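> To start, I am sharing the structure in question, which I have written as structure tokens.
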């Protein structure tokens with residue numbers, strides 16, 4: 001518990017490479033590791049290749065779709081739907097069904 005309290009009181013210093021802050025005793029070790037990591041050029045992750053890895057879709061098909069998407073500006077236009085109108089019709093049908101059911105139970109004329 002005492003070591004946690006002293007760690008809070010110690011001053012931190014920024015790494016010259018990544019600007020993360022460390023206490024002085026850890027900073028030297030971190031900067032060496034950080035320097036090594038910045039020298040390595042990381043590969044760009046190919047999500048299409050990852051998706052096609054364990055599926056029945058060949059990688060060439062995935063790449064073709066990716067190229068088509070890039071030509072279109074990265075976004076496929078969404079088709080226009082009339083979901084709101086269909087929803088309102090559905091709600092109306094349910095309401096009418098309830099009214100018919102109530103009319104049949106009470107013997108009132110059908111709506």
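Residue numbers (UniProt numbering): 1 to 111.
For each residue, glycine too, the CB sits at the ideal point set by N, CA and C.
These numbers were taken from a predicted model, which means no experiment stands behind them.
1. Does residue 23 come out as helix, strand or coil in the three-state DSSP assignment?
2. Extract the residue ranges of the alpha helix (DSSP H) inside the region 6-69, only unbroken runs of 4 or more that lie entirely within it.
3. What residue range does the alpha helix (DSSP H) around residue 96 cover?
4. If I measure Cβ to Cβ from residue 1 and keep anything under 8 Å in the same chain, skipping five residues before and after, which residues do I get?
5. Determine the closest residue to residue 9 out of 80, 15, 22 and 69, with distance taken between C-alpha atoms.
6. Under 8 Å by Cβ, that's how I've got residue 48 and residue 62 pegged, so tell me the actual separation to the nearest angstrom.
7. Among residues of its own chain, excluding the 5 on either side of residue 14, which ones have a beta-carbon nearer than 6 Å to its beta-carbon?
8. Distance check for residue 51 and residue 45, CA to CA, integer angstroms please.
9. For a quick check, are the C-beta atoms of residue 17 and residue 31 less than 8 Å apart?
Walking through what the data contain:
1. Counting from 1 along the chain shown, the entry for residue 23 is found at position 23. Of the three classes helix, strand and coil, the one that applies to residue 23 here is strand, per DSSP.
2. 24-39 and 47-53
3. By 1-based counting over the chain shown, the position of residue 96 is 96. Where residue 96 is concerned, the enclosing alpha helix (DSSP H) stretches over 83-106.
4. Here the question's residue 1 lines up with position 1 in the chain shown. Reliability fails at residue 1, whose pLDDT of 42 lies under 50, so the model's placement of it is uncertain and the value that follows must be treated cautiously. Around residue 1: no qualifying Cβ.
5. Working through the chain shown from its first residue, we reach residue 9 at position 9. Considering only alpha carbons, the answer is 22.
6. Counting from one through the chain shown, the residue named residue 48 turns up at place 48. Counting from one through the chain shown, the residue named residue 62 turns up at place 62. Going by Cβ atoms, the distance from residue 48 to residue 62 rounds to 4 Å, so yes, they are a contact pair.
7. Along the chain shown, one-based indexing puts residue 14 at 14. 21.
8. The count along the chain shown starts at 1 and reaches residue 45 at position 45. The count along the chain shown starts at 1 and reaches residue 51 at position 51. One C-alpha to the other measures close to 11 Å.
9. As a first step, residue 17 is located in the chain shown; it is residue number 17 there, counting from the start. As a first step, residue 31 is located in the chain shown; it is residue number 31 there, counting from the start. In this structure, residue 31 lies closer than 8 Å to residue 17 by Cβ.
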